[in-house]
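Notes to accompany the following structure.
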């Protein structure tokens with residue numbers, strides 16, 4: 039194998055990858071990366087070491103920081119626990135891994151006189167440097183993994199394909215603070231330590247393997263499923279998986295215990311934080327948004343793999359060759375190959391069970407980035423097969439797919455491809471395009487719900503009514519200090535058809551003086567499992583409410599969200615916050631969909 043001699047080609051390939059990405063990071067400027075999700079990952083460090091404190095009953099500390107450094111426009115990263123404390127919804131693995139670079143920033147601040155608050159420029163630069171360091175570390179270990187199975191020229195080519203032929207490229211220079219980038223590095227380390235441990239059964243490799251698994255779980259808990267990989271590695275040597283497990287739990291019991299106990303101890307960091315802030319050792323950290331979570335019975339496998347919105351194989355098609363390569367690998371090592379494919383299938387299933395399966399703003403499926411070090415072996419097997427057949431056709435396909443990825447990376451970097459809302463029609467309208475999309479092309483995108491809720495129901499002539507019903511209020515229709523809520527109107531999602539989006543219009547009729555409208559909140563939300571998400575409420579002085587004082591009606595418009603489930607319920611309501619009594623006669627509900 040190639041690791042028995044000096045490997046010049048793979049080292050040159052590694053250097054090229056690092057230099058190109060580094061140049062792109064420098065060209066982008068040293069922007070503050072402690073923003074959005076990264077702000078939530080990072081909060082542990084300043085809260086512990088800069089006097090921020092782990093427990094907060096209000097948002098004053100966080101608001102003060104973001105007023106100075108513009109970290110986030112709103113605090114979706116924080117959850118209000120039942121005991122009144124706010125806590126970050128992200129687990130602490132990212133902060134643990136970045137802590138050495140945080141301390142570097144802390145030292146620079148003390149020496150330079152910069153604000154020692156955890157967020158000033160030295161901290162921002164140190165975190166960028168930390169992300170860059172972990173990029174190099176991850177690629178270095180991927181190189182070692184590939185070189186363990188394949189010769190120098192194969193390893194070099196796979197490195198170049200993995201970096202420039204997949205969404206790893208975009209994520210590494212445009213989203214360097216992402217936790218998926220750290221998971222890539224951790225999985226690469228775990229696989230390498232798995233290989234080394236099965237060679238020597240040394241305590242050093244057992245401890246390193248345990249730490250890698252623990253940090254994987256502490257950074258992204260769903261990725262703990264990848265801890266199955268070491269236990270099924272090199273099965274052929276033992277005959278089958280059962281014999282292997284018996285060997286490790288009999289002959290290597292203490293080392294096996296160590297590999298298991300170290301992750302458990304690392305996970306205690308998270309359990310301790312949750313206990314301290316919420317009073318519970320284990321919590322649902324996404325509880326502030328019931329609209330997203332794991333739905334195990336309804337995975338979005340097709341959408342994750344093939345959709346125009348975020349289909350992994352559509353935007354990163356070279357990974358189809360990696361999958362083919364995994365099956366080529368199985369031919370030489372059937373038991374290990376089968377087990378590895380099984381782990382990959384389980385991982386895809388877990389990724390697909392997240393209800394917001396498009397994983398926010400990104401290119402291709404960013405969640406799949408975590409498992410690329412394993413798929414690099416499949417790429418290696420495919421490239422080796424191409425070399426062994428001296429196939430110009432296969433190398434041409436590889437070249438075209440890498441070029442295709444670089445072109446689409448250019449498109450998303452320039453805003454031609456959207457990071458979240460692409461449709462089939464839009465995709466083909468900008469296919470091969472180098473200029474910014476036109477206004478007409480942008481109309482083909484999925485609706486930008488954040489923008490539309492802000493500006494309200496525009497261009498009603500583009501829509502048609504497909505549901506219209508009047509709901510009279512005969513009881514509890516006077517809102518006052520005793521009766522705070524009018525009768526709710528519930529609409530089952532599956533009963534009103536789940537279109538990509540629709541506008542709900544509630545036209546409330548009232549009696550008496552219009553002064554009764556003061557202090558009343560017209561609102562709608564969606565209920566999942568009895569808990570609400572996508573809430574929108576407006577007072578009468580809101581410009582997006584339409585008040586007709588002649589007809590004595592108030593019109594409230596609500597844009598449907600990305601529904602978590604078809605069994606969810608849209609709830610339309612009015613409640614009294616303050617003000618004089620209001621007598622509501624009823625409400626007319628209209629649903630508008632785009633004209634075909």
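Residue numbers (the working numbering): 39 to 634. No residue lacks a Cβ here, since even glycine has one placed at the ideal position from N, Cα and C.
In this structure, the alpha-carbon of residue 355 lies about 10 Å from that of residue 343. Nearest to residue 199 by C-alpha distance, out of 359, 67, 155 and 594, is 359.
When rounded, the separation of the alpha-carbon atoms in residue 161 and residue 250 is 25 Å.
Counting every other CB atom within 10 Å of its CB across the protein chains shown gives residue 364 a total of 16 or more, marking it as buried. In this structure, DSSP gives residue 176 a helical state, which the three-state scheme calls helix.
For residue 549, the enclosing beta strand (DSSP E) starts and ends at 541-549. Within the segment 392-468, the complete alpha helix (DSSP H) segments of 4 residues or longer fall at 410-427, 430-451 and 462-467, listed in chain order. For residue 535, the secondary structure class from DSSP, reduced to helix, strand or coil, is coil. CA-to-CA, the gap between residue 619 and residue 130 works out to about 49 Å.
In this structure, residue 624 places its C-beta atom within 9 Å of the C-beta atom of residue 546. The segment 591-598 and the segment 558-566 touch, with three or more beta-carbon pairs separated by less than 8 Å.
In the DSSP secondary-structure assignment, residue 508 is bridged to 626. Rounded to whole angstroms, the gap between the alpha carbons of residue 312 and residue 215 is 23 Å. Between the C-alpha atoms of residue 192 and residue 433 there is a straight-line separation of about 12 Å.
In the structure shown, the three-state DSSP call for residue 64 is helix.
Contact annotation, residue 338 with residue 271: C-beta distance approximately 30 Å; criterion of less than 8 Å not satisfied. For residue 586, the uninterrupted beta strand (DSSP E) segment begins and ends at 584-586. If the five residues before and after residue 217 are omitted, its C-beta is found closer than 7 Å to the C-beta atoms of 79, 132, 257 and 258, all from its own chain and listed in chain order. For residue 563, the uninterrupted beta strand (DSSP E) run begins and ends at 558-566, by DSSP. Beta-bridge partners of residue 631 (DSSP): 502.
Setting aside the 5 residues that flank it on each side, residue 375 is surrounded in the same chain by 364, 365, 367, 368 and 369, each with a C-beta closer than 8 Å to its C-beta; the list follows chain order. If you compare the alpha carbons of 71, 152, 156 and 213 with that of residue 102, the shortest gap goes to 156. For residue 576, the enclosing beta strand (DSSP E) stretches over residues 569-576. Contact check for residue 614 against residue 522 passes: the beta carbons are separated by less than 9 Å. Counting only runs that start and end inside the segment 97-180, the alpha helix (DSSP H) elements of at least 4 residues fall at 98-107 and 131-150. Annotated as distal: residue 247 and residue 307, with beta-carbon spacing of 9 Å or more.
Taking 9 Å as the cut-off, the beta carbon of residue 418 is found no closer than this to the beta carbon of residue 165. Residue pairing by DSSP places residue 530 opposite 607 in a beta bridge. For residue 408, the number of other beta carbons within 10 angstroms of its own is at least 16, and it is reported as buried.
When the Cα atoms are used, residue 314 and residue 321 turn out to be separated by approximately 12 Å. Here residue 324 is near residue 117, since their CB atoms are less than 9 Å apart.
By the Cβ neighbour-count rule, residue 105 is exposed, with fewer than 16 other Cβ atoms within 10 Å of its own. Bridge partners of residue 596 according to DSSP: 542.
The residues 617, in chain order, have a CB closer than 6 Å to that of residue 556 in the same chain once the five nearest residues on each side in sequence are set aside. If you check the CB distance, residue 447 and residue 205 come in under 9 Å. Judged by DSSP secondary structure, residue 210 falls within the alpha helix (DSSP H) whose first and last residues are 206-212.
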